[in-house]
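First the structure, in the form of structure tokens, and then the observations on it.
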Amino acid sequence: MKTAFRALIFASLFGFAAGVSVAQNLISLDGVIADAEYATVREASGMRLGFRLSADASTIYASVTVRTAGWVALGFGSPKMDGSRMVLAYVKDGVAQFTEDLGKGWSHAPTAPFALARAATEKDGWTTLEVAVPAVGFLKGRTLDLIAAWGRNDDFRSKHSARTSLSVVF
Ligand code: HEM
Numbered sequence: 241m242k243t244a245f246r247a248l249i250f251a252s253l254f255g256f257a258a259g260v261s262v263a264q265n266l267i268s269l270d271g272v273i274a275d276a277e278y279a280t281v282r283e284a285s286g287m288r289l290g291f292r293l294s295a296d297a298s299t300i301y302a303s304v305t306v307r308t309a310g311w312v313a314l315g316f317g318s319p320k321m322d323g324s325r326m327v328l329a330y331v332k333d334g335v336a337q338f339t340e341d342l343g344k345g346w347s348h349a350p351t352a353p354f355a356l357a358r359a360a361t362e363k364d365g366w367t368t369l370e371v372a373v374p375a376v377g378f379l380k381g382r383t384l385d386l387i388a389a390w391g392r393n394d395d396f397r398s399k400h401s402a403r404t405s406l407s408v409v410f
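Mapping the sequence shown onto my numbering, position 167 (from 1) lands on 407, and the numbers just tick up by one.
Structure, rendered in structure tokens:
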């Protein structure tokens with residue numbers, strides 16, 4: 241009985257670990273972009289952008305890397321600031337700061353957190369943000385409307401130095 245119980249625990253732990261490592265082979269939300277981590281890659285307005293839809297289509301993974309020591313941001317669900325759900329990040333003194341905001345007109349303010357995970361790093365003058373969000377509510381069919389922007393300051397209020405608006409079809 242005891243042995244069977246141990247075997248059950250081992251099997252479930254092993255199964256869980258194997259599942260995690262399969263997912264991690266594709267995406268690792270650590271603020272570092274590995275080769276082939278993102279299936280779709282774009283460049284716009286000084287930003288390197290990466291996208292991947294999970295195999296079960298439940299989760300969108302997105303990244304932005306910019307040559308800035310200031311803020312970077314991704315906004316989901318709208319081609320404009322208005323109505324976009326944004327994750328903004330900057331790294332100051334080695335510590336990543338985040339805010340999850342809703343765009344209103346050409347401004348934005350904190351909203352209920354919606355990201356499943358997020359990570360940001362700053363290295364050699366480049367700042368990277370990686371975000372996972374649920375596909376439901378953001379994906380229209382196979383299309384994701386999205387905005388991205390970056391600024392030169394370590395804050396969430398100063399205007400962008402550059403911004404872009406794009407549609408990604410998974
Ligand atoms: C931090 C405060 C922000 C201010 C004060 C601001 C202000 C503005 C203004 C005045 C415009 C009009 C066109 C222009 O001047 O470029 C604009 C457009 C735009 N912004 Fe922002 N913005 C901010 C943050 C963001 C963020 C965080 C994003 C991305 C997540 C973003 C993405 C865009 C995009 C894609 C446009 C063009 C589409 C549109 O008109 O909405 N902005 N912004």
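For glycine and all other residues, C-beta sits at the position ideal for the given N, C-alpha and C. In this text, all values refer to a predicted model and were calculated from it rather than measured experimentally.
Taking C-beta separations shorter than 6 Å and ignoring five residues to either side along the sequence, the partners of L314 in its chain run A302, V304, V327, V371, A388, following chain order. DSSP lists G343 as the beta-bridge partner residues of H348. A distance below 6 Å between beta-carbons, with the five flanking residues on each side excluded, links N393 to the following residues of its chain, in chain order: G310. Apart from sequence neighbours up to five positions away, the residues of its chain that approach H400 with a beta-carbon distance below 7 Å are A389, W390, G391, ordered along the chain. Taking a C-beta distance under 7 Å as the contact criterion, F291 and V373 do not qualify as a contact pair. For ligand 1, a non-hydrogen atom lies closer than 6 Å to the CB of I387. Across the set S324, L356, Q337, R403, the C-alpha of S324 shows the shortest separation from the C-alpha of K344. In the DSSP assignment, F354 falls outside any beta strand (DSSP E) and carries neither an H nor an E.
Restricted to the region 275-310, the beta strand (DSSP E) segments that are unbroken, complete and at least 3 residues in length are 280-284, 287-293, 299-306, listed in chain order.
Residue state for L384 is assigned as strand, using DSSP reduced to three classes.
A distance below 8 Å between beta-carbons, with the five flanking residues on each side excluded, links G271 to the following residues of its chain, in chain order: A336, A359, A360, T361, T368, L369, E370. Going by C-alpha positions, G381 is about 28 Å away from P350.
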